[in-house]
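Per this note's numbering, residue 71 is the first one in the sequence shown, and the count goes up by one each step. Ideal Cβ placement from N, Cα and C applies to all residues, glycine included. Reviewing the structure listed below.
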Amino acid sequence: MQTFKPFFLTSILEHMGAMSTIESKHKPINQVKKQPTNHRWLMDLSQPLAVFTVIVITQMVVVVYSLSFFSLSLGYLNQLAVLSFVAQILAISLVLLLVLFRQQLNRMSAMTGVGLVLLFTCVVTTVFTGFIVWVDRVLMFHYVQDGGLTIVKVVVATVLTMLLLLRYFYVQNQWQQQIKALAEAQMNALQARIKPHFLYNSLNSIASLIAIDPQAAEQAVMDLSGLFRKAFTQRHENMTSLAKELAWVNQYLAIEKLRLADRLQTDIQVEPVLLAHRIPMLSIQPLIENAVIHGIAHLADGGCIELVVKRDQQKIRITVSNPFNADRVTSGSGTALGNIRSRLALHYGDEASLTTNHNAGYFRVQMVIPL
């Protein structure tokens, strides 16, 4: 090839966009992945926090009920202890049954499922309370004066408590789902801001090659199309393996190396055991991009970008270091760093961090995420 055709880059990128649109619009009906509808009304009650909530609410009901025969006597405390013990056993038994039949109940509508749970609660409570009344009579404890009335009271109290718990857990589950959906929407928006930034910088790199080395520019376009082909196929994913993220890094460095040649050196050190660990997609590549654009590209002799990924107790510590010209510091790197910080906060909350520092002509970025 003697001359590089300017329309080559445009045609490839337009082709990629067109193919992406065609695939999404004209996908065969039998191949379209149906989005699952989240109608699960019963959350997982086996979680420690859920069990703790059941225990606390049950005890509150018992204490309120015991106020009807409150007295400053040892007998009251004995009755309260026995009542609490029996109520907790009943509550945990009902929770265990809900956990065992959770999948079956979630296949039903909320109204049908709740009705079945309340019916089940009535039956189990009646049998359980009847057994306690029988034991009280056989062993002559005389805690129960009127067996029939006691059974009715306990059944009514248990059904009302079950309704309260079901409503509480349903509202909590819906709130958690809304928070998750909002976080995913924010994550997609942040990724959408990062990808055009990456494309812009890559196109600038390719443009600088056109007059110098047309064949290298064409190869860079092919590498870029490969990168975005992966981006399109994984556009609904927020997480990726460390190995795939490093593959992105290497492909991006290959594009930049065509422009910077020997001025760009790299030293990548990764503990192999971490390669399968999943991290937020496009979390390391923008750090490397910043090191190239705002560091190496401004140095006449270039320099070496060092990427170190290692395990530190229950954390993964990712460090990117590069030489830079302090007299030519630009503000562009703040956009990518701010986006990554936001994405880490959405994924991990306060468990992750992204810090920067510069000393002795080197700029360092350190990202820490939980294992």
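Three CB pairs or more closer than 8 Å across the stretch 331-346 and the stretch 370-385: The way I'd put it, the stretch 331-346 does touch the stretch 370-385; three or more beta-carbon pairs between them come closer than 8 Å.
Distance CB(Met351)-CB(Asn308) smaller than 9 Å: Reading the sequence shown from its first residue, position 281 is the one you call residue 351. Reading the sequence shown from its first residue, position 238 is the one you call residue 308. Yes.
Proximity to Val133 [Cα-Cα], best of Phe122, Ala120, Ser116 and Ala157: Counting from one through the sequence shown, the residue named residue 133 turns up at place 63. Scanning Phe122, Ala120, Ser116 and Ala157 for the CA closest to the CA of Val133 turns up Ala157.
Start-end ranges of the alpha helix (DSSP H) lying completely within the stretch 330-377, minimum 4 residues: Correct list: 355-363.
Straight-line gap, Thr195 to Met178 (C-alpha atoms, nearest Å): Your numbering for residue 195 matches position 125 in the sequence shown. Your numbering for residue 178 matches position 108 in the sequence shown. Going by the C-alpha atoms only, they are around 23 Å apart.
Beta-carbon proximity list for Thr107, same chain, < 6 Å, skipping 5 on both sides: The residue given as residue 107 occupies position 37 in the sequence shown. Summary for Thr107: the model assigns pLDDT 41, below 50, so the residue's position carries little reliability; its value from the coordinates is reported in the next sentence. The same chain holds no residue with a CB closer than 6 Å to that of Thr107 once the five nearest residues on each side in sequence are set aside.
Outcome for Asn392 when other beta-carbon atoms lying within 10 angstroms are tallied against a minimum of 16: As a working mapping, residue 392 is identified with position 322 in the sequence shown. Classification for Asn392: buried.
Touch test, the stretch 203-222 against the stretch 272-288, Cβ-Cβ under 8 Å, three pairs minimum: Using a C-beta cut-off of 8 Å, the stretch 203-222 makes no contact with the stretch 272-288, since fewer than three inter-stretch Cβ pairs fall below that distance.
Inter-residue CB distance, Ile127 and Leu209 (contact presumed, cutoff 8 Å): As a first step, residue 127 must be located in the sequence shown, where it is residue number 57. As a first step, residue 209 must be located in the sequence shown, where it is residue number 139. 30 Å between Cβ atoms; not a contact.
Nonlocal neighbours in the same chain, by C-beta distance under 8 Å from Lys385, ignoring five residues either side: On the sequence shown, position 315 is the one that residue 385 refers to. Cβ within range, chain order: Val438, Ile439, Pro440 and Leu441.
Residue environment, Lys104, which counts as buried when at least 16 other CB atoms sit within 10 Å: For the purposes of this step, residue 104 is identified with residue 34 of the sequence shown, where counting begins at 1. Because the pLDDT of Lys104 is 39, which lies under 50, any placement of that residue in the model is unreliable, and the number read from its coordinates should be weighed accordingly. It is exposed - the Cβ of Lys104 has fewer than 16 other Cβ atoms within 10 Å.
Contacting residues, own chain, Cβ-Cβ under 6 Å from Gly431 (five flanking each side not counted): As a working mapping, residue 431 is identified with position 361 in the sequence shown. Cβ within range, chain order: Pro393.
Whether His368 touches Asn395 by CB criterion (9 Å): As a working mapping, residue 368 is identified with position 298 in the sequence shown. As a working mapping, residue 395 is identified with position 325 in the sequence shown. Less than 9 Å separates the beta-carbon of His368 from that of Asn395.
Sequence-distant residues of the same chain with beta carbon closer than 7 Å to Glu84, five excluded per side: By one-based count along the sequence shown, residue 84 stands at place 14. In this predicted model, Glu84 has a pLDDT of only 44, less than 50, meaning its place in the structure is not dependable; the value taken from the coordinates is given anyway. Counting only Cβ-Cβ distances below 7 Å, and skipping sequence neighbours, we find nothing.
Asn427, enclosing beta strand (DSSP E) - first and last residue: Counting from one through the sequence shown, the residue named residue 427 turns up at place 357. It spans Ser423 to Asn429 - the beta strand (DSSP E) in which Asn427 sits, taken as one unbroken run.
Cα-Cα separation between Phe190 and Tyr240, rounded to whole angstroms: For the purposes of this step, residue 190 is taken as residue 120 along the sequence shown, with counting starting at 1. For the purposes of this step, residue 240 is taken as residue 170 along the sequence shown, with counting starting at 1. If you draw a straight line from the Cα of Phe190 to the Cα of Tyr240, it comes to about 19 Å.
Exposed unless 16 or more other CB atoms sit within 10 angstroms - verdict on Leu170: Residue 170 sits at position 100 when you count from the first residue of the sequence shown. It is exposed - the Cβ of Leu170 has fewer than 16 other Cβ atoms within 10 Å.
Neighbour-count burial assignment, Met232, 16 or more Cβ in a 10 Å radius: Translated into the one-based positions of the sequence shown, residue 232 becomes position 162. Buried.
Alpha-carbon to alpha-carbon, Val224 and Thr199: Locating residue 199 in the sequence shown gives position 129, where the first residue counts as 1. Locating residue 224 in the sequence shown gives position 154, where the first residue counts as 1. The alpha-carbon atoms of Thr199 and Val224 are separated by roughly 7 Å.
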